[in-house]
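Chains as they are written, first to last, in this note's numbering: chain A, 3 to 164; chain B, 3 to 164. Input: a single structure, listed below in structure tokens.
Protein chains: 2
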Amino acid sequence: MEAKRPDPQPQDAPPLQLGDFVPFRLNRLAAEVSEHLAEIYRARFGLDIPEWRVMATVGPDRGCTAQHIARSTRMHKTRVSRAIAHLEKRGLMTRVTNSADRREMELRLTRAGRRVYAELVPLALERETMLLACMTREQLRAFTAGLDCLETFLGLRKDSAD
Amino acid sequence: MEAKRPDPQPQDAPPLQLGDFVPFRLNRLAAEVSEHLAEIYRARFGLDIPEWRVMATVGPDRGCTAQHIARSTRMHKTRVSRAIAHLEKRGLMTRVTNSADRREMELRLTRAGRRVYAELVPLALERETMLLACMTREQLRAFTAGLDCLETFLGLRKDSAD
DNA sequence: CATATATAGTTGCGTTCGCAACCGTTTCCG
DNA sequence: CGGAAACGGTTGCGAACGCAACTATATATG
Numbered sequence: 003m004e005a006k007r008p009d010p011q012p013q014d015a016p017p018l019q020l021g022d023f024v025p026f027r028l029n030r031l032a033a034e035v036s037e038h039l040a041e042i043y044r045a046r047f048g049l050d051i052p053e054w055r056v057m058a059t060v061g062p063d064r065g066c067t068a069q070h071i072a073r074s075t076r077m078h079k080t081r082v083s084r085a086i087a088h089l090e091k092r093g094l095m096t097r098v099t100n101s102a103d104r105r106e107m108e109l110r111l112t113r114a115g116r117r118v119y120a121e122l123v124p125l126a127l128e129r130e131t132m133l134l135a136c137m138t139r140e141q142l143r144a145f146t147a148g149l150d151c152l153e154t155f156l157g158l159r160k161d162s163a164d
Numbered sequence: 003m004e005a006k007r008p009d010p011q012p013q014d015a016p017p018l019q020l021g022d023f024v025p026f027r028l029n030r031l032a033a034e035v036s037e038h039l040a041e042i043y044r045a046r047f048g049l050d051i052p053e054w055r056v057m058a059t060v061g062p063d064r065g066c067t068a069q070h071i072a073r074s075t076r077m078h079k080t081r082v083s084r085a086i087a088h089l090e091k092r093g094l095m096t097r098v099t100n101s102a103d104r105r106e107m108e109l110r111l112t113r114a115g116r117r118v119y120a121e122l123v124p125l126a127l128e129r130e131t132m133l134l135a136c137m138t139r140e141q142l143r144a145f146t147a148g149l150d151c152l153e154t155f156l157g158l159r160k161d162s163a164d
């Protein structure tokens with residue numbers, strides 16, 4: 003149960019408890035969860051978070067562009083660019099110039115990349131399941147509904163569609 | 003509404019949609035919210051996120067140690083140390099060696115620091131309120147209950163007490 | 001009392017990151 | 001057509017970060 007924060011703060015002694023401040027809580031939680039997952043990516047496959055996100059976004063089948071990855075993951079395009087460069091150097095991705103628009107590169111996983119992907123995804127999903135198992139099914143539904151709400155409000159879900 | 007993810011994945015074509023993967027969603031959401039807030043801290047007061055967290059944790063009244071800040075915010079101690087050094091240089095904090103244990107430093111906001119704090123906290127809380135206003139009261143309660151749950155599961159709430 | 005271990009905090013160093021500037025390509029428009 | 005603006009992607013560079021090593025103090029142990 004959450005202790006209520008005394009809401010009308012008298013301007014003079016503002017009662018901010020960082021531990022009750024939702025933006026901070028989201029940051030701390032996200033960092034903690036990421037840290038656990040990153041450990042798996044790194045230890046088992048030598049991938050860091052940007053690299054994993056690139057692979058997860060490209061996926062096993064379709065190709066896509068760096069721009070698309072940057073938008074849908076909200077990573078800075080330089081971060082995406084460097085991750086892709088590294089993945090290509092490791093032989094996990096290919097990068098071919100789109101002949102219709104020679105500015106774009108069509109990104110795909112190589113066979114080796116798809117192998118890593120196929121191994122990694124179940125581990126990630128399992129970790130997610132373990133994490134979310136601390137909630138009841140109904141609690142989880144409400145929680146993800148809240149996430150949906152915030153994401154929509156902040157315009158974070160638009161790009162997943164394109 | 004959340005589209006259900008087809009849950010039994012056939013090992014061969016794993017259907018990971020990064021946009022539905024909760025750890026990723028938490029990261030993206032936290033980054034987006036932080037970015038908005040950081041803009042306020044920076045533009046209005048020249049503070050970055052670690053500095054703001056330090057000030058918010060120390061608070062207007064009590065003093066505390068760098069160690070306490072590191073633990074309760076889960077920031078790396080070097081990050082805390084550098085933030086404190088910068089805040090002291092700017093005259094927003096004081097740092098006095100605890101005579102009982104000369105390893106510790108008792109941290110306090112200066113008068114100027116308290117002024118910044120008193121101005122900043124209402125802005126931060128207002129931003130939080132605006133953000134959370136996209137949910138109904140009931141939705142919000144369920145969402146923060148979910149946060150509580152995850153934080154407890156990950157051991158993130160223990161340290162706030164000490 | 002002496003040595004070993006733990007803790008609070010700082011610093012040097014290599015890595016990662018984001019910003020801005022840049023290159024090459026495409027599109028827009030006079 | 002031709003110059004300007006827009007866009008996809010890369011790179012140089014300075015700032016921020018985490019790790020490991022360090023200083024200094026405190027505590028535990030024989």
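Positions of the beta carbon are idealized from the N, C-alpha and C atoms, including for glycine. Quick caveat, the model's predicted, so the values are computed rather than measured.
**OP:** For my contact list, A:Leu109 and A:Ile86 are in at a C-beta cut-off of 8 Å; report their separation, rounded to the angstrom.
**Re:** 7 Å
Original post:
Counting contacts by CB-CB distance shorter than 8 Å, is A:Glu4 in contact with chain B?
Top reply: Any reading at A:Glu4 must be qualified, since the residue scores a pLDDT of 47, below 50, and its modelled position is unreliable; the value itself is stated next. Chain B contact via Cβ: present.
Original post:
Would the beta-carbon of A:Glu53 fall within 8 Å of that of A:His88?
Top reply: yes
Original post:
With 8 Å set as the bound, which would you pick, yes or no: does the beta-carbon of B:Asn100 sit closer than that to a beta-carbon of chain A?
Top reply: no
Original post:
For A:Thr112, which residues in chain B fall below 7 Å Cβ to Cβ?
Top reply: Simply none; closest approach about 17 Å.
Original post:
If the cut is a Cβ gap below 7 Å, which residues of chain A does B:Thr59 touch?
Top reply: Leu20
**OP:** Pull up the distance between the alpha-carbon of B:Pro12 and that of A:Pro124, whole angstroms please.
**Re:** Only weak support is given to the placement of B:Pro12: the predicted model assigns it a pLDDT of 43, under 50, and the value that follows is read from those uncertain coordinates. One C-alpha to the other measures close to 10 Å.
**OP:** Can you give me the Cβ contacts of A:Leu20 inside the same chain, cut-off strictly under 7 Å, excluding the 5 residues immediately before and after it?
**Re:** Phe26
Original post:
At which residues does the beta strand (DSSP E) containing A:Leu109 begin and terminate?
Top reply: 107-111
Original post:
Within the 8 Å Cβ cut-off, does A:Gln141 reach chain B?
Top reply: yes
Original post:
At a CB-CB cut-off below 9 Å, which residues of chain A make contact with B:Phe145?
Top reply: Val24, Ala144, Phe145, Ala147, Gly148, Leu149, Cys151, Leu152
Original post:
Are A:Leu31 and A:Met57 closer than 8 Å when you measure CB to CB?
Top reply: no
**OP:** Give the C-beta separation of B:Leu156 and A:Leu127 to the nearest angstrom, bearing in mind that I take them to be a contact with Cβ-Cβ under 8 Å.
**Re:** About 18 Å; that fails the 8 Å criterion.
Original post:
Which term fits B:Glu4, buried or exposed, when burial requires 16 or more other beta carbons within 10 angstroms of its beta carbon?
Top reply: Low per-residue confidence applies at B:Glu4: pLDDT is 47, beneath 50, and the placement is therefore not dependable, though the value from the model is reported in the following sentence. Classification for B:Glu4: exposed.
**OP:** Please name the residue in A:Gly61, A:Ala68, A:Thr131, A:Arg44 whose C-alpha comes closest to that of A:Arg97.
**Re:** A:Ala68
**OP:** Determine the closest residue to A:Glu130 out of A:Leu39, A:Asp22, A:Val24, with distance taken between C-alpha atoms.
**Re:** A:Leu39
**OP:** Rounded to whole angstroms, what's the CA-CA distance from B:Asp63 to B:Leu158? Just pull it up for me.
**Re:** 24 Å
Original post:
Which two residues bound the contiguous alpha helix (DSSP H) that contains A:Thr67?
Top reply: First-last for A:Thr67: undefined, no H or E at that position.
Original post:
What's the gap between the Cα of B:Asn29 and the Cα of B:Val118?
Top reply: 29 Å
Subject >> Cutoff 8 Å: B:Val118 Cβ touching any chain A Cβ >> reply: no
Original post:
Short check: CB of A:Asp24 to CB of B:Leu134, under 8 Å?
Top reply: The amino acid occupying residue 24 of chain A in the given sequence is Val; Asp does not appear at that position. Yes, the Cβ-Cβ distance between A:Val24 and B:Leu134 is below 8 Å.
Subject >> Near-chain B residues of the stretch 86-97 of chain A - C-beta to any C-beta below 8 Å >> reply: none
**OP:** Step through the CB atoms of chain B and report whether any lies within less than 8 Å of the CB of A:Cys66.
**Re:** no
**OP:** Please work out which residues of its chain come closer than 6 Å, Cβ to Cβ, to A:Gly115, disregarding the five sequence neighbours upstream and downstream, and give them in chain order.
**Re:** Leu94, Met95
**OP:** Let me know the secondary structure DSSP gives B:Arg92 once reduced to three states.
**Re:** coil
Original post:
Taking the alpha helix (DSSP H) that B:Cys151 falls in, what are its first and last residues?
Top reply: 139-155
Original post:
Comparing the C-beta of B:Thr75 with each C-beta of chain A, is any distance below 8 Å?
Top reply: yes
Subject >> Cβ-based burial, A:Ala2 [other Cβ within 10 Å; buried from 16] >> reply: Nothing about residue 2 of chain A can be read from this structure; chain A reaches only from 3 to 164.
Subject >> Contact set between B:Glu41 and chain A, taken where Cβ atoms lie within less than 7 Å >> reply: The contacting residues do not exist; B:Glu41 stays about 12 Å from chain A at best.
Original post:
Going by DSSP, what residues sit across from B:Arg97 in a beta bridge?
Top reply: B:Leu109
**OP:** Compare the C-alpha of B:Thr138 against each of A:Thr138, A:Met137, A:Gly148, A:Arg143 and name the closest.
**Re:** A:Gly148
**OP:** Using 10 angstroms around the beta-carbon of B:Ser74, count the other beta-carbons present and answer buried if the total reaches 16, otherwise exposed.
**Re:** buried
Original post:
How would you label B:Pro10, buried or exposed, when you count the other beta carbons within 10 angstroms and need 16 or more for buried?
Top reply: Confidence is the limiting factor: at B:Pro10 the pLDDT is only 45, short of 50, which leaves the residue's position unreliable, though a coordinate-based value still follows. B:Pro10 is exposed by the Cβ-count criterion.
**OP:** Return the residue from the list B:Ser36, B:Leu49, B:Val35 that minimises the CA-CA distance to B:Arg92.
**Re:** B:Leu49
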